[in-house]
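Take a look at the structure below.
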Amino acid sequence: MTGSDVPRGGVRGAAFGRAAAMAQAGRRRRRRGRGEQAMVPEAQFSSYYGRPILKKPVWAPLDIAGYLYLGGLSGASSLLAAGGHVTGRPALARSAKLAAAGGISLSLVALVHDLGRPVRFLNMLRVFKPTSPMNLGSWLLAGYVPLTMAAAASDVAGRYRLVGSAATGAAALLGPAVTTYTAVLISDTAVPSWHEGHRELPFVFAGSGATAAAGLALAAAPVAQTGPARRLALLGAALELGAFQLMKRRMGLMAEPYEEGGPRALLRSAEILAAGGAALAAFAGRRRSRPLAAVAGAALLTGSAALRFGVFHAGVASAEDPKYTVVPQRERLRAPTD
Amino acid sequence: MTHSDAGRTPRPEPDETRGNQLFGPQPNVAGAAGYPDAPPRMGFFTDTTVCIGCKACEVACKEWNAVPEDGLELTGMSYDNTQGLGADTWRHVAFIEQRIPAGRDSAAGHPDVDVFDAARGLGGSPEATAPATGTAALAGQISPVSPDGRTELRWLMSSDVCKHCTHAACLDVCPTGSLFRTEFGTVVVQQDICNGCGYCVPACPYGVIDQRRGDGRAWKCTLCYDRLGTGLEPACAKACPTDSIQFGPLDELRERAADRVARLHVSGVTEARLYGESPDDGVGGDGAFFLLLDEPEVYGLPPDPVVTTRDLPDMWRHAAVAAVSLAALAVASFVRRPR
Ligand code: SF4
Ligand code: SF4
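Taken in sequence, the protein lines are chains A and B.
Quick note, the first sequence lines up with residues 350 to 687 if you use this note's numbering.
Quick note, the second sequence lines up with residues 474 to 812 if you use this note's numbering.
Below you can see the structure in the form of structure tokens.
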């Protein structure tokens, strides 16, 4: 810690070493013992006393990860709703319509709750601004929310069926966008582990939304009508897991926050719950077992939520550590000259 | 421009069609934002070599803009108890204490350099007289030791501020239009419109803007928009006793800065480099740029910031394909009917 002599000024052994060490070190992994193999050497980089360069998101995890999750659940549910509606599976259609309307309403509540000035929520719609995913998302929701409400209300009340059918169809058209736009929402930031995943994250969210919607349908509708939900669970889980692996492989250093600490635990659970839930759903379908289907549904719903929270927290962690800002940018600068 | 020391090469424009809306050089920011005959773009040139760390800028900013107090903490890391820019700190003076090999602190003068000789070189062509001693080794190396093991102390002080980017991510992502481009080419939050969504906070590649606790809205440097409107210079520049903070039309500042770097190189300060002045960088150049004596990250600045919205068209494309894929999965799920 103590510095050696400082020739000019005559200060001796003060805490200079600290500034230097903190600035230079980054986080080096400790080696365990002398004889042991050294771990992968971490990139050396400078920083200002180890302080983050970026401001981490001020969003409350429950509100915004919850918003991402419920948006995905709702958007994909609209697809199941339309499918059920068209193919004569009334129970599947009704539960999915209710899931879409309920999910998106709750997600809207979460979004408004997270605002620093909730009463100014409608300022989101005072402009139309294509460079702002949150603005476009607000317009999207402004169209989508009433459609899901109309679809669900008409189904439950059993009246205005024509309007209900039209609303169901229109909601199914917007639903996929509602599910994937949230990936753009978080990727369009300087947060390294979000921005760097901007190609694959929409696919991860699409798959995860599908598993959540399928999960809710499995838990809420009779086994005889949930065949499509079971298949959607399998396809969704495959898309989610595949896209996530691809994303991590393409991200290099910035994949690290997804594989450490809390986010790692959340994302591992998400993987297991998605894969296990989809498999169990298929099994429950073969057995015609409603309780098993319900368990599978709960697993899928939980897994999808764990994924959003894992992604959320990994992004925050990547913003908090200057390593993920400095090292990739340094490499980028070095690339053309070396 | 002169920034060879940092090893920065302007990257080629990756997509001509995206052009200067989201990325790349934009010589007329105010014009592009819809001001037909805007005044020249105004900005800051912060020459950190003459900063004495007096924090007059921090104080002047707080006073003029009535920025609230945000905690009086001792960090124990240096004289810097302000710590960084934020909702309630719009100018931040960074203090970096470095140990460098003895005799390397060119800014503090070389004992073995003939100053008269160096002075004669001032104004001459930089290449002719610049000492050959490169500072590449200094880069990224915070406390090296000279061959004989001696080190010495060097102070770096730098007054940081919002960069008023040519392509400002905060402005691009703001969903309410609260953040806007002024006729001076600066970026300002309209406090009567901001709904505190917080989107601008993680969007800024420099970590400048933040949400004010208790208030809920986002706040940052306005480049004293109110003062500019009446022909005054911003409070920080006015208060700076060493002219480390210089305010003026950006074109003029860029010329002045290039000149200053050349002079510093001539007098042996070969590590001097400009940061954020190049319209070819990832944000199209900063309205507030800096002259630094070490790598940007040493000052807590990102070495190669890129406006996140550069990739927005790509993001939407991927999201659209993902949405279609999701719909396709759903259709596939309904195609075969079991029973
Ligand atoms: S530095 Fe950050 S807050 Fe300032 S204009 Fe650029 S993006 Fe916005
Ligand atoms: S917090 Fe305010 S200024 Fe920032 S993006 Fe949201 S509305 Fe715009």
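The C-beta atom is built at its ideal place from N, Cα and C for all residues, glycine as well.
This one's a predicted model, so the numbers in the text were calculated from it and none came from an experiment.
Taking residue i as the reference, give the member of the options with the closest Cα.
i, options, result
"GLY513(A)", "MET483(A), ALA582(A), HIS434(A), LEU584(A)", "HIS434(A)"
"SER653(A)", "PRO577(A), GLN393(A), LEU590(A), PRO571(A)", "LEU590(A)"
"VAL407(A)", "CYS673(B), GLY704(B), TYR698(B), ASP784(B)", "CYS673(B)"
"GLY625(A)", "ALA647(A), ARG637(A), GLY399(A)", "ALA647(A)"
"ALA676(B)", "VAL540(A), PRO551(A), ARG598(A)", "VAL540(A)"
"THR649(B)", "ALA448(A), ALA532(A), LEU471(A)", "LEU471(A)"
"TRP563(B)", "ASP633(B), GLY704(B), PHE496(B), GLU706(B)", "ASP633(B)"
"ALA567(B)", "LEU765(B), VAL779(B), ASP724(B)", "LEU765(B)"
"ARG599(A)", "THR575(A), ILE621(A), ARG548(A)", "ARG548(A)"
"ALA641(B)", "GLY671(B), PRO512(B), GLN494(B)", "GLN494(B)"
"MET335(A)", "LEU584(A), GLY558(A), ALA532(A), PRO525(A)", "Nothing can be reported for residue 335(A): it is not among the residues displayed for chain A, which extend from 350 to 687."
"ASP688(B)", "GLY680(B), GLN664(B), THR703(B), LYS711(B)", "GLN664(B)"
"PHE593(A)", "ALA573(A), GLY611(A), LEU616(A)", "LEU616(A)"
"GLU728(B)", "ASP716(B), GLY741(B), GLU750(B), VAL742(B)", "GLU750(B)"
"ARG438(A)", "GLY518(A), ALA573(A), LEU649(A)", "ALA573(A)"
"LYS636(B)", "VAL681(B), SER651(B), VAL523(B)", "VAL681(B)"
"THR555(B)", "PHE552(A), PHE477(A), ALA442(A), TYR397(A)", "TYR397(A)"
"LEU485(A)", "SER503(A), VAL527(A), LEU511(A)", "VAL527(A)"
Starting from residue i and walking both ways along the beta strand (DSSP E), at which residues does that stretch end?
i, result
"SER632(B)", "624-634"
"PHE720(B)", "718-722"
"PHE661(A)", "Taken as a continuous stretch (DSSP letters only), PHE661(A) belongs to no beta strand (DSSP E), being part of the alpha helix (DSSP H) at 639-669."
"ALA761(B)", "761-765"
Where does residue i sit, in a helix, a strand or coil, going by DSSP?
i, result
"ALA612(B)", "Residue confidence for ALA612(B) is low, a pLDDT of 38 falling below 50, so the modelled location carries little weight and cannot support an answer."
"ALA562(A)", "helix"
"ALA442(A)", "helix"
"PHE657(B)", "coil"
"TRP692(B)", "strand"
"HIS434(A)", "helix"
"CYS638(B)", "strand"
"GLN684(B)", "strand"
"LEU458(A)", "The sequence shown places Val at residue 458(A), rather than the Leu named in the question. Helix at VAL458(A)."
"LEU652(B)", "strand"
"GLY626(A)", "helix"
"VAL476(A)", "coil"
"VAL756(B)", "coil"
"ALA387(A)", "The predicted model places ALA387(A) with a pLDDT of 44, which falls under 50 and marks its position as unreliable; any figure quoted below should be read in that light. Of the three classes helix, strand and coil, the one that applies to ALA387(A) here is coil, per DSSP."
"GLY421(A)", "helix"
"GLY497(B)", "coil"
"GLY415(A)", "helix"
"GLY634(A)", "helix"
"GLY559(B)", "strand"
"VAL662(B)", "strand"
"VAL780(B)", "coil"
"TYR398(A)", "coil"
How about residue i and residue j: are their beta carbons less than 7 angstroms apart?
i, j, result
"LEU464(A)", "GLY669(B)", "yes"
"THR782(B)", "THR480(A)", "yes"
"ALA735(B)", "PHE517(B)", "no"
"GLY432(A)", "PHE657(B)", "no"
"ILE453(A)", "VAL505(A)", "no"
"ALA555(A)", "LEU799(B)", "yes"
"CYS428(B)", "CYS709(B)", "Here chain B comprises residues numbered 474 to 812, so residue 428(B) is not present and cannot be evaluated."
"CYS530(B)", "CYS697(B)", "no"
"LEU656(A)", "ALA645(A)", "no"
"VAL646(B)", "ASP537(A)", "yes"
"GLY497(B)", "GLY757(B)", "yes"
Quick check on the DSSP output: the alpha helix (DSSP H) that includes residue i runs from which residue to which?
i, result
"PHE517(B)", "No alpha helix (DSSP H) holds PHE517(B); the beta strand (DSSP E) holding it covers 515-520."
"PRO495(A)", "482-506"
"HIS565(B)", "Segment 564-574 is the beta strand (DSSP E) holding HIS565(B); no alpha helix (DSSP H) there."
"ALA582(A)", "576-600"
"TYR530(A)", "510-536"
"TYR748(B)", "Note, TYR748(B): premise wrong, no alpha helix (DSSP H); beta strand (DSSP E) at 746-748."
"LYS672(A)", "672-683"
"CYS709(B)", "708-712"
"PHE807(B)", "785-808"
"TYR455(B)", "Since the first residue of chain B shown is 474 and the last is 812, residue 455(B) is not available in this structure."
"GLU536(B)", "529-538"
"LEU774(B)", "Taken as a continuous stretch (DSSP letters only), LEU774(B) belongs to no alpha helix (DSSP H), as it is neither H nor E."
"TRP408(A)", "That residue, TRP408(A), is in no alpha helix (DSSP H); it is neither H nor E in DSSP."
"TYR698(B)", "698-702"
"HIS544(A)", "541-544"
"VAL674(B)", "673-676"
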